[in-house]
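Asks: Input: one structure, supplied below.
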Amino acid sequence: MKAMIFAAGLGTRLRPLTNDRPKALVEIGGKTMLERVIKRLADAGFDDITINIHHFGEKIIDFLKEHDNFGLNIHISDERALLLDTGGGILKARRFLDADEPFLVHNADILTDIDLNAMLQRHVESGAMATVLVKNRITSRYFVFDDDYRLQGWINKSTGETRPPHFSYQRGMHELAFGGIHVISPSIFPELESYAQGQAKFSITPFYVDNCHNHLIKGYVQQSPYTWLDVGKPETLKQAEEMIKVGSIN
């Protein structure tokens with residue numbers, strides 16, 4: 003099974019830790035973020051993994067060589083010349099991901115024990131173009147879903163901005179925050195090509211929102227309890243260290 007890890011970010015929120023390394027190589031409990039995500043994916047059966055690189059990208063290449071790619075088939079999608087954002091990053095990695103099965107995308111700075119196989123299965127059963135992990139957590143920007151968890155739009159609560167232009171926000175809709183993991187069907191690639199209009203750098207979020215009425219974009223909410231942390235911030239990095247120390251997540 004195929005997966006992609008976003009490891010190209012600048013890690014500005016974690017400075018000075020990222021002054022000499024990529025965010026993905028910052029350690030939590032003695033292991034790098036990248037190693038933790040790779041092993042989580044491997045445990046779920048993902049054995050063909052693409053990793054994009056930018057900031058100190060050569061250090062990720064060296065790290066993988068030192069660990070013999072953790073026994074997996076690992077590809078590097080090199081964005082050192084230009085950081086392409088999430089949509090552009092997926093499109094650049096197309097040659098590694100475009101096959102006859104969905105692929106999973108996982109941010110390197112997300113620490114979670116969510117059931118990735120259950121999420122993948124739900125995506126396959128729904129026939130969606132993309133399925134995004136969403137959570138009920140406080141933020142300013144939310145995906146908005148109907149009762150079937152089909153994406154309807156997006157709202158920025160701090161500014162009142164909504165998207166797409168024709169989206170009519172209604173009370174009772176489900177406002178949920180993106181959790182940094184998605185499952186994507188390869189049918190997305192021609193649509194991404196058209197959406198990009200020749201631009202190399204673009205975000206996947208507005209693509210989802212602008213296309214949610216033409217293509218099925220679903221939200222995935224795991225009903226059973228699970229741990230989830232965005233460890234790209236100093237306060238949550240410290241929290242993750244404590245959780246690993248007491249064994250509440252490994």
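The sequence shown begins at 3 in the working numbering and counts up by one. Where is the CB? At the ideal position from N, CA and C, for every residue including glycine.
So, using beta-carbon positions, are S187 and G89 closer together than 8 Å?
Replies: No, the Cβ-Cβ distance between S187 and G89 is not below 8 Å.
Asks: Is the beta carbon of A44 less than 8 Å from the beta carbon of F72?
Replies: Cβ distance < 8 Å, so A44 and F72 count as in contact.
Asks: Count the other C-beta atoms from every protein chain shown that fall within 10 angstroms of the C-beta of L239, then say buried if there are 16 or more, exposed otherwise.
Replies: Flag for L239 reads buried.
Asks: Where do the N-terminal and C-terminal ends of the beta strand (DSSP E) with Y210 fall, by residue?
Replies: Taken as a continuous stretch (DSSP letters only), Y210 belongs to no beta strand (DSSP E), being part of the alpha helix (DSSP H) at I206 to N213.
Asks: Please find out if some non-hydrogen atom of the ligand SAM comes closer than 7 Å to the beta-carbon of M35.
Replies: The ligand SAM is absent from the structure shown, which contains no ligands of any kind.
Asks: How many whole angstroms separate the CB atoms of K109 and G47, which I take to be in contact at a CB cut-off of 8 Å?
Replies: Residue identity differs from the one stated: residue 109 is Asn in this sequence, not Lys. Not confirmed; about 19 Å, so no contact.
Asks: Report the CB separation of L93 from E195 in whole angstroms; it is logged as a contact under 8 Å.
Replies: That pair is a contact at about 7 Å.
Asks: In the segment 107–158, which residue ranges form an unbroken beta strand (DSSP E) of at least 3 residues, counting only runs that do not cross its ends?
Replies: Qualifying beta strand (DSSP E) stretches, in chain order: 112–114, 132–137, 143–147 and 153–158.
Asks: Look at the alpha carbon of I190 and the alpha carbon of K247, and state the distance between them as a whole number of angstroms.
Replies: Straight-line Cα distance between these residues: approximately 40 Å.
Asks: Ordered along the chain, which non-local residues of its own chain (more than five positions away) have a Cβ less than 6 Å from that of A130?
Replies: Once the five neighbours on either side are set aside, the close Cβ partners of A130 are L218 and K220.
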